[in-house]
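Report on the structure given below.
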Amino acid sequence: MIQINSTLTPSDLSAKLHDFWALSAQKIRAIADHYDVAKGSPVFTVQGQYTTRGWTEWTQGFQFGAAILQFDATGDEAFLDYGRKNTLSVMAPHVSHIGVHDHGFNNVSTYGNLLRLMHEGKIPFNEWEKNFYELALKISGAVQASRWTTIKGRDGEASGGFIHSFNGPHSLFVDTIRSCRALVVSHQLGHVFQGENDVKINLLERALQHIKATADYAVYYGEGRDSYDLWGRTAHESVFNTKDGNYRCPNSQQGYTGFSTWTRGLAWAMCGFPEQLEALSHISDEALEPLGGRASIEAMMLKAARATCDFFIAHTPTDGVPYWDTGAPNLHKLGNYLDRPAEPINDHEPVDSSAAAIGAQGLLRLGKYLTDKGEAADGQRYWQAGLTVMDTLLQAPYLSTDPAHQGLLLHSIYHRPNGWDYVPEGSKIPYGESSMWGDYHIREAALYLQRNINNEPYYAFLNCVK
1 MIQINSTLTP
11 SDLSAKLHDF
21 WALSAQKIRA
31 IADHYDVAKG
41 SPVFTVQGQY
51 TTRGWTEWTQ
61 GFQFGAAILQ
71 FDATGDEAFL
81 DYGRKNTLSV
91 MAPHVSHIGV
101 HDHGFNNVST
111 YGNLLRLMHE
121 GKIPFNEWEK
131 NFYELALKIS
141 GAVQASRWTT
151 IKGRDGEASG
161 GFIHSFNGPH
171 SLFVDTIRSC
181 RALVVSHQLG
191 HVFQGENDVK
201 INLLERALQH
211 IKATADYAVY
221 YGEGRDSYDL
231 WGRTAHESVF
241 NTKDGNYRCP
251 NSQQGYTGFS
261 TWTRGLAWAM
271 CGFPEQLEAL
281 SHISDEALEP
291 LGGRASIEAM
301 MLKAARATCD
311 FFIAHTPTDG
321 VPYWDTGAPN
331 LHKLGNYLDR
341 PAEPINDHEP
351 VDSSAAAIGA
361 QGLLRLGKYL
371 TDKGEAADGQ
381 RYWQAGLTVM
391 DTLLQAPYLS
401 TDPAHQGLLL
411 HSIYHRPNGW
421 DYVPEGSKIP
431 YGESSMWGDY
441 HIREAALYLQ
451 RNINNEPYYA
461 FLNCVK
């Protein structure tokens, strides 16, 4: 269980954040100067050098989004120029990509961040540049919403649906909750998504239906759904019968089993539910009423957010960095691993620092949300847990200080079951490598805290809508 530091404040991390952004700049430059773009999007490192690997192009938005965050944090316009130029020249195929569930990662991280910075006054206002970013975000949300599977409602509820993963129309990934940002942004920008016979499809409705399906099926609440039902257990994949819309079973693509918790999938949920709770405050009661009403929608999201964050706190080592899966087969060989700091170098199972970076943001957002709602004690618990995780990640052995290593956050894992991660000579497990999503999300969490310290506008994805 995480040993929560109850006295830590964001300002206590100021010196670490200063050093972090200097290191981050070096890593962005190293990739820009040395990565071979002919390989495709950089995904993760092998012996410290970024390379590509995977099913789809889902990480390029992190590459250029990282530079935009770097500018946001430091004001160094070289990074703004790099991020903006590459968004223009490289990202268009991601806007119209009908084959992925990753529009939030690719397009909100680039077009969304640039539009946000313009509305916040950090970059000069330009009407046509604004229109360009808005058009990209409008289309991205509609394209993402087109990957739709209709399902039966639970316990007599109305039918629902979800954005299906690249596995096919039967497959709901927990990751995809963060692509609901694309739908919500598109809706809030006033976009109208049209289908056959000019049928108008409500993008907010689709986002909320996907979020509800994730809460209903991917997240467990200790209510006896199966023999391993625990409060906050999270399945990477939920499988449906597309003939009749019925739910069938949990599964895992990158975790160990559908009955254990792949911790990066858990982290996506931890981050996704709180950020959507925050977004609801910008959406009118009139828009929410026909979709279930504010109270019901908030309760559904808050239950899932609490459950996943509670599970993370309970099933993570004391310093806040989890092992890659809570049911990994050799964890028992580590003894009382939850009662001591994580051990990135061991003979049995790897940690996943990227899950910690993503999850930390979720803990912080949920903590602030509850505090703002008057639940100070619970809010403080999650907030301090998030700070505790960040304090760990912003120092050795997780920050990559070696100038020859292109990664920023060490000890990230991509796909343990497939054996994609580099295993150093003499080791039994992978360690010491980085990933685009880990590097991006540690930057995002660092920016979140820095803005808090500096009393800047609250960092939220819907800041791109004005």
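Just so you know, we're using UniProt numbering here: the sequence shown kicks off at 1 and counts up by one.
Positions of the beta carbon are idealized from the N, C-alpha and C atoms, including for glycine.
Three-state class that DSSP yields for residue i in the structure shown
| i | result |
| --- | --- |
| Arg248 | strand |
| Lys130 | helix |
| Gln3 | coil |
| Val239 | strand |
| Ile283 | coil |
| Gly222 | coil |
| Ser435 | strand |
| Tyr323 | strand |
| Ser427 | coil |
| Arg416 | coil |
| Leu410 | coil |
| Trp231 | strand |
| Ser260 | coil |
| Val100 | coil |
| Thr110 | helix |
Whether residue i touches residue j by CB criterion (8 Å)
| i | j | result |
| --- | --- | --- |
| Leu331 | His315 | no |
| Asn113 | His94 | no |
| Asp319 | Leu13 | no |
| Gly61 | Gly407 | no |
| Pro322 | Ala355 | yes |
| Glu433 | Tyr422 | yes |
| Ser179 | His282 | no |
| Tyr369 | Glu278 | yes |
| Ile358 | Arg451 | no |
| Ile151 | Gly245 | yes |
| Lys373 | Met300 | no |
| Tyr50 | Ile31 | yes |
| Tyr431 | His415 | no |
Length of the line joining the Cα atoms of residue i and residue j
| i | j | result |
| --- | --- | --- |
| Ser284 | Phe64 | 33 Å |
| Leu80 | Ala67 | 6 Å |
| Gly379 | Trp268 | 19 Å |
| Pro397 | Gln209 | 40 Å |
| Ala328 | Glu349 | 7 Å |
| Lys122 | Thr110 | 15 Å |
| Leu409 | Thr176 | 23 Å |
| Asp198 | Ser146 | 14 Å |
| Glu289 | Glu157 | 16 Å |
| Met436 | Gln188 | 28 Å |
| His170 | Ile98 | 16 Å |
| Ser296 | Leu204 | 15 Å |
| Glu444 | Ala25 | 14 Å |
| Lys243 | Leu280 | 33 Å |
Within-8 Å CB hit, residue i to chain D
| i | result |
| --- | --- |
| Cys309 | Among the protein chains of the structure shown there is no chain D, as only one such chain exists. |
Cutoff 6 Å; reference residue i; Cβ partners in own chain excluding five residues on either side
| i | result |
| --- | --- |
| Asp325 | Gly255, Tyr256, Ser260, Trp262 |
| Thr371 | Gly379 |
| Gly40 | Thr52 |
Close beta carbons around residue i, own chain, < 7 Å, minus the five adjacent residues each side
| i | result |
| --- | --- |
| Leu449 | Pro10, Leu13, Leu17, Met390 |
| Arg233 | Tyr220, Thr261, Phe311 |
Residues near residue i by beta carbon distance below 8 Å, same chain, minus five either side
| i | result |
| --- | --- |
| residue 467 | Limits of the chain in this structure are 1 at one end and 466 at the other, which puts residue 467 out of reach. |
| Ala404 | Gly48 |
What beta strand (DSSP E) runs, 3 residues minimum, are completely inside the region 325-362? none
Let me know the alpha helix (DSSP H) ranges lying completely inside the region 175-202, each 4 residues or longer, listed in chain order. 180-188
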